[in-house]
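Worksheet: one structure, shown below.
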Amino acid sequence: QQQVKQSPQSLIVQKGGISIINCAYENTAFDYFPWYQQFPGKGPALLIAIRPDVSEKKEGRFTISFNKSAKQFSLHIMDSQPGDSATYFCAASTNFGNEKLTFGTGTRLTIIP
Amino acid sequence: EPEVTQTPSHQVTQMGQEVILRCVPISNHLYFYWYRQILGQKVEFLVSFYNNEISEKSEIFDDQFSVERPDGSNFTLKIRSTKLEDSAMYFCASRTPAGGYTFGSGTRLTVV
Chain A
1 QQQVKQSPQS LIVQKGGISI INCAYENTAF DYFPWYQQFP GKGPALLIAI
51 RPDVSEKKEG RFTISFNKSA KQFSLHIMDS QPGDSATYFC AASTNFGNEK
101 LTFGTGTRLT IIP
Chain B
114 EPEVTQTPSH QVTQMGQEVI LRCVPISNHL YFYWYRQILG QKVEFLVSFY
164 NNEISEKSEI FDDQFSVERP DGSNFTLKIR STKLEDSAMY FCASRTPAGG
214 YTFGSGTRLT VV
């Protein structure tokens, strides 16, 4: 019940296109859903996060869509750029992020020219 | 921007040896964590630490593991007798009560 399932495992998108990564969870106690970006040899860096009282959050080219009833959330990267090529992890936590993070399995995103 | 600093960046050790991974969290953060990432796999929670004691640990964090904050700035993870399956990237993270996590760049531990 603590799992967070992430898909796809890898994604190739053309420059300027939209990258979409999906996650699903089972634990209804989760109330904080961040996305992390990880470059090779670096730690995960917080990209954007959402709480279940809203269905969408946008920061620049990055948008989280959240569907509470389906227990799903997704990351959309608009106008994808080669610099966005990285591994993306969704995660979930309880107590509004004050507890441990449970990570998804990661998506390796490659943006091609 | 404040950073979580981890040393060393890469540690190679023989099976059965003890290793200590070091972290300097962000100075005003109160909550500290260790996570690990086996190559190509997801990031997994190991342990959380608050107010000088462990607040939660995973089933991975068995008796071979220990954490310490010896001097108010460093936060260490000790593995007493390393096994081949301990080979992974180990990430330290810290956060404020209201803020998100900040992760360090990790220590790559290779057990041979």
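Listed in order, the protein sequences are those of chains A and B. Just so you know, this note's numbering puts the end of the first sequence at 113, numbered straight through with nothing missing. Just so you know, this note's numbering puts the end of the second sequence at 225, numbered straight through with nothing missing. C-beta: ideal position from N, C-alpha, C; glycine also. Note that the coordinates shown come from a computational prediction; the quantities given were computed from them, not determined experimentally.
Which chain B residues are close to A:F89, counting only those with a beta carbon under 8 Å from its beta carbon? Locating residue 89 of chain A in the first sequence gives position 89, counting from the first residue. Under the 8 Å cutoff, chain B gives K155, V156.
Would you check if the distance between the CB atom of A:L46 and the CB atom of A:F62 is smaller than 8 Å? Here residue 46 of chain A corresponds to residue number 46 of the first sequence, with the count starting at 1. Here residue 62 of chain A corresponds to residue number 62 of the first sequence, with the count starting at 1. In this structure, A:L46 sits away from A:F62, with a CB-CB distance that is not shorter than 8 Å.
Under 8 Å between C-beta atoms, does B:S218 make it to chain A? Counting from 1 along the second sequence, the entry for residue 218 of chain B is found at position 105. Interface residue, yes.
For A:E99, collect the residues of the same chain with a Cβ closer than 8 Å to its Cβ; drop the 5 residues on either side in sequence, then sort them by chain order. Counting from 1 along the first sequence, the entry for residue 99 of chain A is found at position 99. Excluding residues within five positions, the ones whose Cβ falls inside 8 Å are S93.
Cutting at 6 Å between CB atoms, please list the residues of its own chain near A:K15, excluding the five before and the five after it. Residue numbering aside, residue 15 of chain A sits at position 15 when the first sequence is read from its first letter. I111, P113, listed in sequence order.
Taking DSSP as the reference, what is the three-state secondary structure of A:L11? Position 11 of the first sequence, counted from the first residue, corresponds to residue 11 of chain A. Secondary structure at A:L11: strand, using DSSP grouped into helix, strand and coil.
Hey, A:V54 and A:F39: beta-carbon distance below 8 Å or not? Residue mapping note: residue 54 of chain A aligns to position 54 of the first sequence, counting from 1. Residue mapping note: residue 39 of chain A aligns to position 39 of the first sequence, counting from 1. It is not a contact, given that the beta carbons lie outside the stated cut-off.
B:S161: contacting residues in chain A (beta-carbon distance under 7 Å): Sequence index remark: in the second sequence, residue 161 of chain B carries index 48 (1-based). Near B:S161 (Cβ distances below 7 Å), the residues of chain A are K100.
Output the distance between the C-alpha atoms of B:L152 and A:C90, rounded to the nearest integer angstrom. Residue numbering aside, residue 152 of chain B sits at position 39 when the second sequence is read from its first letter. Residue numbering aside, residue 90 of chain A sits at position 90 when the first sequence is read from its first letter. When rounded, the distance between both Cα atoms is 17 Å.
Can you tell me whether DSSP reads B:P210 as helix, strand or coil? By one-based count along the second sequence, residue 210 of chain B stands at place 97. DSSP places B:P210 in coil when its eight states are reduced to three.
Say whether chain A places a C-beta atom closer than 8 Å to the C-beta of B:G213. Indexing the second sequence from 1 puts residue 213 of chain B at position 100. Judged by the 8 Å Cβ criterion, B:G213 is in contact with chain A.
Can you tell me where the beta strand (DSSP E) with A:K100 in it begins and where it stops? What you label residue 100 of chain A is simply residue 100 of the first sequence in a count that begins at 1. That residue, A:K100, is in no beta strand (DSSP E); it is neither H nor E in DSSP.
Applying the 10 Å Cβ sphere with the 16-neighbour rule, what's the burial state of A:G41? On the first sequence, residue 41 of chain A is found 41 positions in, with the first residue counted as 1. Using a 10 angstroms sphere on the CB of A:G41, the tally of other CB atoms stays under 16, which defines it as exposed.
B:L143 (DSSP reduced to helix, strand or coil): Here residue 143 of chain B is taken as the residue at index 30 of the second sequence, counted from 1. DSSP, reduced to helix, strand and coil, places B:L143 outside both helices and strands of the structure shown, so it counts as coil.
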